Amino acid sequence: MAAQALTRRAIEHHQYPFDPASRSGEIKLGDTFQNQLLALSTESLTKHFLAVGQSGSGKTTLFYSVMDELDKPFWAFDLKQDYRHIDDVLVLPWTELRFNPLKPPEGVPPRRWVQVFSEIFGHATSLLSGSKNYLMKKTVELYQLYNLFDRVSEPYPSLHELELLIERDGINFVRKQSDYRDTLLNRLESMNLVSGTVFDCSQGYSISELLRQDVVFEFDGLSRDVQNFLMEALFAYVYEYRVAQNHRSQGLNHVFFLDEGKRVFSVYKERQDASGIPEIDELTAKMREFGEGLVVADQEASKLTDSIKANTYTKALLPTAGTKQFNAMAEAMNLSERQSEFAQSLGIGEAVIQVGNTAPVPVKLDDHQVDKSVSDRKLEKQQRKRWADLQHEPRKTTPSFKDKLSGRTEELEEPEIPEDPQEVELSKDGKRMLQDVVEHPFKPLTERYNRFSSSYKGNKAKNELVDQGVVVERNIRVGDQKKLLQLTEKGREYAGNSLDLDTKQEGRGGIVHRYWQHQIKDAFEEAGWHSFLEKFDADVYVNMGNTESAIEVAMGDNPREIQHIENHLNRGFLVWVVCRNQEILEGLKQRIEENSFNADSVVFRLFRDFTELNIDSE
C-alpha cells in the first residue's frame, strides 16, 4: 500500500510538478491551481517584481491588480495609454508635462548631478564614452554660466540652452572632438524638437509633490529616445532626491511601474563595452534601500538586462511568444524540465510565480476589469483642474550665458567640475579686498595689495576670496601682464546683501571684455569724441560728428561677431573690430570677405593699439 501511494504521488507530481503553496500578504495576485491564495506583502515590492509574457497574456491586468491593492503612491510610465482609465490618478500626457532634467534635485550637489545627468542622457540615447565626456564638459560649462557652482537657485538652464551652447562651439576641433560635438548636437536637436514644451522650463513640477500622488506619465507619441530619456531621468531624479533627503526606509514608500522594460533595461546597452556600466542598472539596485519599489513587465525576456532578471525578488512567467523568450525567463526562475513543460501550456491570465527563493507555483491571476472609456477629450475634462494646479517656472537666462552666446566674453579654460556651493564667511581683510574689487573693478591685483600693511596680507585676502568662490582671477595679456579679479554671481550676491555695496557693473561680459570696453571708450574720449558703452547694441558707440562708429570687442573668432558687424553696417555705422590677438583678427577678416561685406566700412585693430591711445583709422 505504501509503495502504491508513493507511485501515485510520483505520477501526480509528474503531471503537476509543483509543490502545494500559498502565500499571504496585502496584495492579492490570484489563486494557485490548487485553489490556495497567493498574495504578496507590500514590503516585497522594494525588492522588485518582473513579469514576462506576450501581448495579451495578462501583464496589464496584473498591473491593474497590484495598483488597486497598493496603499502607497505609485508612478506608471505608460507607452500605450493603458492606465488613464484607473480611478483617482493624476494623468500627465507628455504635452502637459514640464520637467527640467538640468535642475539638480533638491539637496543634490551640482557636481554630482552633472555626472548623473551625463550618464543617464548617454545611456538613453546610446552615446559612447567619448560623447558622454564631451556632454559632461559642456554641462559643467553651462552650470558655470548659470552660477550654479556658486549657489543652487533660480534660474536653471534647460536642454534648450545646452543645445545653444554646444551649437555655438562651432567645429574648431580635431576630427574626433568634432564627431563628439556633432553626435551630441544631433541627439539634443532631435530631443528638443520632438518633445514640444516638456523641457521648456527653468523649473518643472515639484517632484516632492508628485511623489505623494498616484501619477501616470503618458509618453505615447514621443520618439523612443525621448521616452527612454524621460523614464531614466525620472528614475534617477527620484533616487538622487531620496539620497539627498536621507529617506532611508525599512518599508515601501513608493512604486514605479514600467511596461516594456527593455526600453530602460536593455541587454544590448548593458553589453556595449564602450558605453560603460549603465547608471540605471546600478541605480535601480540601490533604490530598494530608500523604499522605492519597481514593477517591470516585458514581452521579451531575452532583451532584458541580466541584472534586472537576476535581482528581482518576485518573478511572473505568463504565456510567451517563442521558445527563446520562454527559456530566458525559465532559466532566470530556475524551473525544472517538468516545470518548464507545464509552464509552456499556460493560458491567458495564468502565470508561474516565484517569490524570493521559494518554489515556483502556477497561479490563476485575478481578472481585474477596467472600463477603458477615457478618450483624450474626456481626460482633458477630468484632469483640467489638476493640471492647472501644477506649478512650473519659465525658461530664463543669465547675463553670462547671453554674453557667451553673443561672443562678448573671454574664452575660459577647459572646465573641470568645481566644488559645490558653500556659505561665504570672510575675514575683515577679505571684506576689505572684496569692497575694493566692487568699487574699482579694473584695478590690477598688485595695486590692491597697497591697501594692506604687506603684500603677504593682501595675497592672503585674495586667496580667501578665490577659495570661497567670491572672485576668479583673470589675466590681461597686453604689454605688462596684469591680473584682475572678477566677481562671481556668488560674490555679487554677498557684496550686495551682506556688505550693502552697489554691484551694478558698466559693460557686458567678463571682466576682461569689460576692461577693454572701458579702455577703448577712454581712448576715444581722450581724442575728443563722445563715447558711450552699449549704445545701439555696440560694445562702444562713438559719435565723431559726421561719422558714427560702432566698436566691437572681439574675444574670439566666432560667427556671432559677423552678425554684430552686419547689424552695425545696416545702420550705416563705421565698424571697428578690436581683437584680442592677430589670429582672431585674421579669422574675422576672412569671415568678412566670405560674407562680401563692404571692407571699406570695417576697421580692424588689436587690443594693444589702445594701450597707447592709437586710434588712427587710416
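Letter 554 of the sequence shown, counting from 1, is numbered 554 in UniProt numbering, and no numbers are missing.
We put the CB at the ideal spot given by N, CA and C, even for glycine.
Being a predicted model, the structure only gives us computed values, none of them experimental.
Original post:
What does a CB cutoff of less than 6 Å around Gly507 pick up in its chain, not counting 5 residues either side in sequence?
Top reply: Same-chain partners within the cutoff: Arg514, Gln517, Leu533.
**OP:** Could you say which of Tyr16, Gly107, Leu164, Lys372 lies nearest to Ser153 if we only look at CA atoms?
**Re:** It is Gly107 whose Cα lies nearest to the Cα of Ser153.
Original post:
Touch check for the region 521-536 and the region 587-596: three-plus C-beta pairs under 8 Å?
Top reply: Because the criterion of three Cβ pairs below 8 Å is not met, the region 521-536 and the region 587-596 do not touch.
**OP:** Could you say which of Lys396, Leu62, Arg477, Met433 lies nearest to Asp259 if we only look at CA atoms?
**Re:** Nearest C-alpha to Asp259: Leu62.
**OP:** Indicate whether Ile348 and Gly58 have their beta-carbon atoms separated by less than 9 Å.
**Re:** In this structure, Gly58 lies closer than 9 Å to Ile348 by Cβ.
Original post:
Where does the unbroken beta strand (DSSP E) through residue 636 begin, and where does it stop?
Top reply: The displayed coordinates of the chain run from 1 to 618. Any statement about residue 636 would go beyond what the structure contains.
Original post:
In angstroms, rounded to a whole number, what distance separates the CA positions of Leu499 and Arg112?
Top reply: Straight-line Cα distance between these residues: approximately 31 Å.
Original post:
If we ignore side chains and look at the alpha-carbon of each, how far apart do Phe117 and Gln339 end up?
Top reply: The straight-line gap from Cα to Cα measures roughly 43 Å.
**OP:** Measure the Cβ-Cβ separation of Ala538 and Glu552 and say whether it is below 9 Å.
**Re:** Yes, the Cβ-Cβ distance between Ala538 and Glu552 is below 9 Å.
**OP:** State the CB to CB distance for the pair Tyr134 and Leu165, rounded to an integer number of angstroms; the pair is presumed to be in contact (CB under 8 Å).
**Re:** The Cβ separation is near 12 Å, so there is no contact.
Original post:
alpha helix (DSSP H) containing Asp500: first to last residue?
Top reply: No alpha helix (DSSP H) contains Asp500, which DSSP labels as neither H nor E.
Subject >> Counterpart residues of Gly30 in DSSP-defined beta bridges >> reply: DSSP lists Leu38, Leu365 as partners of Gly30.
Original post:
Alpha carbon to alpha carbon, what distance is there between Met191 and Trp94?
Top reply: A direct Cα-to-Cα measurement between Trp94 and Met191 gives close to 13 Å.
Original post:
Nearest CA to the CA of Gly291: which residue from Ile308, Ala332, Gly251, Leu283?
Top reply: Looking only at Ile308, Ala332, Gly251, Leu283, the smallest Cα-Cα distance to Gly291 is reached by Gly251.
**OP:** Pick helix, strand or coil for Lys462, following the three-state DSSP scheme.
**Re:** In this structure, Lys462 counts as helix in the three-state DSSP scheme.
Original post:
According to the neighbour-count rule (16 or more other Cβ atoms, all chains shown, within 10 Å of its Cβ), is Asn570 buried or exposed?
Top reply: Exposed is the label assigned to Asn570, since fewer than 16 other Cβ atoms lie within 10 Å of its Cβ.
**OP:** Taking 8 Å as the threshold, find out whether the region 384-391 comes into contact with the region 361-368 through three or more Cβ pairs.
**Re:** Between the region 384-391 and the region 361-368, the count of Cβ pairs shorter than 8 Å is below three; the stretches do not touch.
**OP:** For Asp306, name the three-state secondary structure that DSSP assigns.
**Re:** Assigned with DSSP and collapsed to three states, Asp306 falls in helix.
**OP:** Provide the residue span of the beta strand (DSSP E) that contains Tyr541, from first to last.
**Re:** Start and end: 540-543.
**OP:** Classify Asn113 as helix, strand or coil using the three-state DSSP reduction.
**Re:** Asn is not the amino acid found at residue 113; the sequence shown has Trp there. Residue state for Trp113 is assigned as helix, using DSSP reduced to three classes.
Original post:
Between Ser275 and Asn459, what straight-line distance do the alpha-carbon atoms span, to the nearest angstrom?
Top reply: Confidence in Ser275 is poor, its pLDDT being 46 and thus under 50, which makes the residue's placement unreliable; the coordinate value appears in the next sentence. Cα to Cα, the separation comes out at about 45 Å.
Original post:
Exposed or buried, what is Gln468 when buried is set at 16 or more other beta-carbons lying within 10 Å of its beta-carbon?
Top reply: It counts as buried.
Subject >> Contact between the region 316-324 and the region 68-86 (3+ Cβ pairs under 8 Å) >> reply: Touching, no.
Original post:
Val264 and Leu222 look like a contact to me (Cβ under 8 Å); what is the Cβ gap, rounded to whole Å?
Top reply: No, Val264 and Leu222 are not in contact; Cβ-Cβ is about 14 Å, not under 8 Å.
Original post:
Nearest to Ile520 by alpha carbon, out of Leu501, Gln505, Val540?
Top reply: Nearest neighbour of Ile520 by Cα position, chosen from Leu501, Gln505, Val540, turns out to be Val540.
Original post:
Does the beta-carbon distance from Met555 to Arg580 come in below 9 Å?
Top reply: Yes, they are a contact pair.
Subject >> Cβ separation of Asp609 and Ile584, assumed to be a contact under 8 Å, to the nearest whole Å >> reply: The Cβ separation is near 14 Å, so there is no contact.
Subject >> Contact under 9 Å by Cβ, Gly204 with His254 >> reply: Cβ atoms of Gly204 and His254: not closer than 9 Å.
Original post:
In three-state terms, what does DSSP make of Ser24?
Top reply: It is coil, neither helix nor strand.
**OP:** Please state if the CB of Ile120 and the CB of Pro101 are separated by a distance shorter than 9 Å.
**Re:** Yes, Cβ-Cβ distance for Pro101 and Ile120 is below 9 Å.
**OP:** Please report the residue range of the beta strand (DSSP E) in which Ser453 lies.
**Re:** Unbroken run through Ser453: none, as it is neither H nor E.
Subject >> Whole-number beta carbon distance between Arg187 and residue 635, since they are thought to touch under 8 Å >> reply: A question about residue 635 goes unanswered here, because the residues of the chain that appear run from 1 up to 618.
Original post:
Taking contact to mean at least 3 C-beta pairs separated by less than 8 Å, is the region 127-144 in contact with the region 471-483?
Top reply: Contact fails: fewer than three Cβ-Cβ distances are below 8 Å.
**OP:** Go to Arg514, then tell me how far its alpha helix (DSSP H) extends in each direction, as first and last residue.
**Re:** Looking at the DSSP string, the run of the alpha helix (DSSP H) that includes Arg514 is 511-526.
**OP:** Could you have a look at Glu260 and say whether DSSP puts it in helix, strand or coil?
**Re:** Looking at Glu260 - three-state DSSP - the assignment turns out to be coil, as it is neither helix nor strand.
Original post:
Is there contact here, the region 387-394 with the region 202-219, by at least three beta-carbon pairs under 8 Å?
Top reply: In short, these stretches touch, since the Cβ pair count reaches three.
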